[in-house]
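Per the working numbering, the sequence shown starts with residue 67, numbered consecutively. Cβ atoms here follow ideal geometry from the backbone N, Cα and C, with glycine treated the same way.
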Amino acid sequence: MSNLLPTDVDFGPDGALWISDWVTGWVGKGKGRLYRVFEPASLATQKAASARALLSERFEDLEVHRLADLLSHADQRVRLRAQHALTFRPSEGEPVFREIIWSESLPRRARLHAIW
């Protein structure tokens with residue numbers, strides 16, 4: 067890809083990489099572009115389908131123990147959504163974070179999300 071003025075890059079819930087392009091920069095014409103970059107075989111995997119299904123859920127409605135479990139998920143987007151949902155419930159989330167931080171049996175990634 068060339069002649070891009072990307073303003074943001076992120077992975078969407080579909081697993082593809084999305085790029086927003088400013089097109090002409092400061093001398094804009096009120097237009098932009100979105101590019102979707104993906105490998106079809108990667109998006110067709112069971113892991114990708116599982117992450118897509120999870121990311122379509124309302125994490126705010128999930129039970130605290132489910133959110134705690136999701137802090138160990140392989141997909142970073144899922145872990146971040148679970149972490150943020152727990153932080154918006156301080157009275158329930160804080161004890162969960164404390165328990166995860168001190169649990170040496172849990173995966174490091176879950177413990178790091180609890181600290182962060």
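With a 10 Å radius around the Cβ and a threshold of 16 neighbouring Cβ atoms, V93 comes out exposed. Proximity to M67 across D87, G78 and D127 peaks at D87, based on C-alpha coordinates. Between S169 and T73, the alpha-carbon positions lie close to 40 Å from each other.
Measuring C-alpha to C-alpha distances from R102 to each of D76, E158 and A119 identifies D76 as the nearest.
Nearest neighbour of H139 by Cα position, chosen from A117, E158 and D127, turns out to be A117.
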